[in-house]
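*Asks:* For the sequence shown, numbering that gives the first Met the number 0 begins at 0 and goes up steadily by one.
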Amino acid sequence: MMFTRPDVTGWFQMTEKMRDPDSTKLGMYDDLTVESARKYHQATSSIGFGAARRFVRTVDLSTRTHLLDLGGGSGAYSITSVEQFEGLKATVLDLPPVVVATQEYINDAGVQDRVSTIGADFTEGEFPSPVDVVVMASNLPIYDGEVIGGVVARAFRALEEGGEMHLIGEMLDNDRKSPVDAAMWGMNELICGSQGRAHTRAECENYFRSAGFVDVEVTDFVPGILARCVGKKP
Numbered sequence: 000m001m002f003t004r005p006d007v008t009g010w011f012q013m014t015e016k017m018r019d020p021d022s023t024k025l026g027m028y029d030d031l032t033v034e035s036a037r038k039y040h041q042a043t044s045s046i047g048f049g050a051a052r053r054f055v056r057t058v059d060l061s062t063r064t065h066l067l068d069l070g071g072g073s074g075a076y077s078i079t080s081v082e083q084f085e086g087l088k089a090t091v092l093d094l095p096p097v098v099v100a101t102q103e104y105i106n107d108a109g110v111q112d113r114v115s116t117i118g119a120d121f122t123e124g125e126f127p128s129p130v131d132v133v134v135m136a137s138n139l140p141i142y143d144g145e146v147i148g149g150v151v152a153r154a155f156r157a158l159e160e161g162g163e164m165h166l167i168g169e170m171l172d173n174d175r176k177s178p179v180d181a182a183m184w185g186m187n188e189l190i191c192g193s194q195g196r197a198h199t200r201a202e203c204e205n206y207f208r209s210a211g212f213v214d215v216e217v218t219d220f221v222p223g224i225l226a227r228c229v230g231k232k233p
């Protein structure tokens with residue numbers, strides 16, 4: 000809570016920000032430094048590792064060999080996944096200042112031989128290939144539909160046939176009336192200067208189907224907070 004305290008004043012400027020948004024694609028992450036990335040993940044990594052432990056209990060990656068972790072931050076999903084699944088390696092792709100902090104978490108976990116990093120903006124350019132599983136977790140509201148659709152399409156191209164993608168994030172119900180958490184995250188991104196928004200479950204399914212994924216479905220991941228959209232590449 001204290002980490003986000005500097006953002007509080009923005010909530011009192013909501014009307015002005017909605018009428019005249021001063022936004023960029025990355026918002027507050029435009030000015031990210033190594034030190035601010037460290038502070039961010041010191042404040043949030045416990046949540047990420049908790050969610051990652053839920054992920055490996057929910058999703059069987061025992062037959063997968065290479066996980067691509069988009070915007071992976073602390074590397075929680077990659078680290079936890081390779082610890083759980085013996086034959087798996089992972090690559091965390093995040094902004095250059097972030098992956099400096101990521102490497103520190105990787106070193107602390109002792110998985111340097113199985114988790115690597117790439118410093119890049121995952122909203123641009125093609126992804127490393129081949130991989131057989133892609134995860135994008137807890138950064139959905141930062142971006143608008145065009146960006147998310149593009150990320151999902153490029154993930155599809157990077158995947159081997161039979162590979163899978165998991166998009167985990169705050170999603171609105173299709174009637175847009177709930178959950179409140181998803182709506183609040185969309186508003187928070189406006190305050191922080193990004194072009195993000197709150198996406199519905201149906202919209203996320205459509206990003207996947209438009210990219211070519213099959214067997215697409217959305218399920219609760221953390222009920223009332225996070226949902227998981229999954230699809231497979233035929």
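Backbone N, C-alpha and C fix where the C-beta goes; we use that ideal spot for every residue, glycine too.
What residue range is occupied by the uninterrupted beta strand (DSSP E) comprising D219?
*Replies:* Counting along the chain, the beta strand (DSSP E) containing D219 begins and ends at V213 to V221.
*Asks:* Using only the alpha-carbon positions, how far apart do A157 and H65 sit?
*Replies:* 11 Å
*Asks:* Helix, strand or coil for T64? Go by DSSP, reduced to three states.
*Replies:* coil
*Asks:* What whole-angstrom Cβ distance do R63 and F84 have, given they're in contact under 8 Å?
*Replies:* 7 Å
*Asks:* Roughly how many angstroms lie between the CA atoms of D131 and F155, to the nearest whole one?
*Replies:* 10 Å
*Asks:* Does the contact criterion of 3 or more C-beta pairs under 8 Å hold for the stretch 212-230 versus the stretch 165-185?
*Replies:* yes
*Asks:* Around the C-beta of D19, are 16 or more other C-beta atoms found within 10 angstroms, so that it is buried, or is it exposed?
*Replies:* exposed
*Asks:* From S73 to S137, what distance separates their C-alpha atoms?
*Replies:* Computed Cα separation, rounded: 12 Å.
*Asks:* Considering only residues of the same chain and omitting the five flanking positions on each side of M0, which have a CB-CB separation below 6 Å?
*Replies:* Residue placement at M0 cannot be trusted, given a pLDDT of 46 that sits under 50; what the coordinates show is reported in the next sentence. No residues qualify anywhere along the chain.
*Asks:* From G149 to P233, what does the alpha carbon distance come to, in whole angstroms?
*Replies:* 19 Å
*Asks:* Quick one: what's got a C-beta closer than 8 Å to S22's C-beta in the same chain, skipping five residues either side?
*Replies:* Taking C-beta separations shorter than 8 Å and ignoring five residues to either side along the sequence, the partners of S22 in its chain run L189, G192, S193 and Q194, following chain order.
*Asks:* Are the beta-carbon atoms belonging to R208 and N173 less than 7 Å from one another?
*Replies:* no
*Asks:* Whole angstroms are fine: how far does the CA of V99 sit from the CA of H40?
*Replies:* 11 Å
*Asks:* Kindly provide the ranges of any beta strand (DSSP E) runs that are 3 or more residues long and lie completely inside the stretch 123-151, ordered along the chain.
*Replies:* 130-136
*Asks:* Looking at C-alpha atoms only, which residue of E145, L67 and G161 is the closest neighbour of N205?
*Replies:* E145
*Asks:* Can you give me the Cβ contacts of G118 inside the same chain, cut-off strictly under 6 Å, excluding the 5 residues immediately before and after it?
*Replies:* Close CB contacts of G118 within its chain, under the 6 Å cut and outside five residues either way in sequence, are with P95 and V98 (chain order).
*Asks:* Between the Cα of G109 and those of A210, S44, E82 and L87, spot the shortest distance and give me the residue it belongs to.
*Replies:* Selected option, being the one with the closest Cα: E82.
*Asks:* Can you tell me whether T218 is buried or exposed? The criterion is at least 16 other CB atoms within 10 Å of its CB, across all chains shown.
*Replies:* Answer is exposed; the Cβ neighbour count stays below 16.
*Asks:* Just how far apart, CA to CA, sit I141 and S128?
*Replies:* 25 Å
*Asks:* What whole-angstrom Cβ distance do P230 and F212 have, given they're in contact under 8 Å?
*Replies:* Per the sequence shown, the amino acid found at residue 230 is Gly instead of Pro. The beta carbons of G230 and F212 sit about 3 Å from each other, so the pair counts as a contact at 8 Å.
*Asks:* Do D143 and R196 count as a contact pair if the criterion is CB distance below 7 Å?
*Replies:* In contact: R196 and D143 (Cβ atoms closer than 7 Å).
*Asks:* Is there a Cβ of chain C sitting closer than 7 Å to that of R18, yes or no?
*Replies:* Of the protein chains in this structure there is only one, and it is not chain C.
*Asks:* In angstroms with no decimal places, state the Cα-to-Cα distance between G168 and Q12.
*Replies:* Distance between the alpha carbons of G168 and Q12: 26 Å.
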